[in-house]
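Our numbering applies: residue 9 is where the sequence shown begins, and numbers increase by one. Data first, discussion second: the structure below is written as structure tokens.
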Amino acid sequence: MAIISRGFAGRRSAADAKLPPGQYLTTDFPVLSAGPTPRISLDKWEFTIDDGSNVVKRWNWKSFRELPTENITVDLHCVTRWSKLGTHWEGVSLDTLLADVKTDAEYVLVHSYGDYTTNLPLDDLLDGQAWIAFRFDDDDLAPEHGGPARLLVPHLYLWKSAKWVRGITLMHEDKPGFWESLGYHNYGDPWREQRYSGDE
Ligand SMILES: Nc1nc2c(c(=O)[nH]1)N[C@H]1C(S)=C(S)[C@@H](COP(=O)(O)O)O[C@H]1N2
Ligand SMILES: [Mo]
9 MAIISRGFAG RRSAADAKLP PGQYLTTDFP VLSAGPTPRI SLDKWEFTID
59 DGSNVVKRWN WKSFRELPTE NITVDLHCVT RWSKLGTHWE GVSLDTLLAD
109 VKTDAEYVLV HSYGDYTTNL PLDDLLDGQA WIAFRFDDDD LAPEHGGPAR
159 LLVPHLYLWK SAKWVRGITL MHEDKPGFWE SLGYHNYGDP WREQRYSGDE
């Protein structure tokens, strides 16, 4: 006979409420990278915002780290079905980075060192939904997890959270990024289980 204590059942259902459909909980932090880990020295690092023809904003590591930062606690959901709850990060909000960028663009393509790209609507980067994160659990972000800095956009599947982020291009027309052009969903909402292109 299986004996399940009330406490265990209770904890499970509390976590289950935070688990999108088809996901399981993990407490470790898997590394998923499509290629080798690029090593970017802080004196070469830069983050830019461009409009497709011109760079409209540029930060080096020093000016980036002078921006106000936020402490972030968020759940992560990978399309390979692991989820990790309550992760702690420090980063700069995209609201801060985009504050005085005037644009009527509706989409962005996010670029990484090492050539990874991912696309999303500009609105999904705004209103406290996205950060350029450079610390994880009170440590500098490890290279394999995207250090020096990665995009963190936790309301979408984790492939949208580009590691080794280098900049964003503002676009008037949407353009698929790396995984999006290989059959993954264009938007990737874990709560709607938008894993592959063709998923509603
Ligand atoms: N530059 C870059 N960013 C990336 C990836 C990648 O291969 N290259 N993989 C994505 C995928 S598929 C996932 S699930 C997460 C994994 O982040 P982690 O390795 O820190 O767990 O990073 C995303 N960001
Ligand atoms: Mo992933």
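Backbone N, C-alpha and C define an ideal beta-carbon position, used for all residues, glycine too.
Tell me, which residues are paired with residue i by DSSP?
i: Lys92; result: Leu84
i: Val63; result: Asp58
i: Thr71; result: Rather than Thr, the amino acid found at residue 71 in this sequence is Ser. The partner list for Ser71 (beta bridge, DSSP) is empty, contrary to what the question assumes.
i: Trp97; result: Ile80, Phe144
i: Ile176; result: Ile57, Val118
i: Asn127; result: Leu117
When DSSP labels each residue in this structure, what does residue i get in the three-state scheme?
i: Asp112; result: coil
i: Asp36; result: coil
i: Asp207; result: strand
i: His153; result: helix
i: Arg200; result: helix
i: Thr104; result: helix
i: Ser41; result: coil
i: Trp139; result: strand
i: Leu160; result: strand
Is any non-hydrogen atom of ligand 1 found closer than 7 Å to the C-beta of residue i, if you look at the structure I gave you?
i: His153; result: yes
i: Phe142; result: no
i: Tyr212; result: In the structure displayed, the chain extends from 9 to 208; residue 212 sits before or after that span and is not available.
i: Leu124; result: The sequence shown places Tyr at residue 124, not Leu. Yes, Cβ of Tyr124 sits closer than 7 Å to a heavy atom of ligand 1.
i: Pro156; result: no
Who are the Cβ neighbours of residue i in its own chain at under 6 Å, not counting the five residues just before and after it?
i: Ser189; result: none
i: Pro28; result: His85, Pro198, Trp199
i: Phe186; result: Tyr124, Thr125
Identify, in the order they occur along the chain, each residue of the same chain with its Cβ nearer than 8 Å to the Cβ of residue i, setting aside the five sequence neighbours on each side.
i: Ser205; result: Glu188, Gly191, Tyr192, His193, Asn194
i: Val116; result: Asn127, Leu128, Pro129, Leu130, Leu133, Ile176, Thr177, Leu178, Met179
i: Gly136; result: Ser101, Asp103
Leaving aside the five residues before and after residue i along the sequence, list all residues of the same chain whose C-beta is less than 7 Å from its C-beta, in chain order.
i: Gly18; result: Residue placement at Gly18 is flagged as unreliable, the pLDDT there being 49, under the threshold of 50; the coordinate-derived value follows with that caveat. Excluding positions up to five away in sequence, the list is empty.
**Message:** Can you tell me which residues fall inside 6 Å of ligand 4, judged by beta-carbon distance to its nearest heavy atom, and keep chain order?
**Reply:** Within the structure as shown, ligand 4 is missing, the only ligands being ligand 1 and ligand 2.
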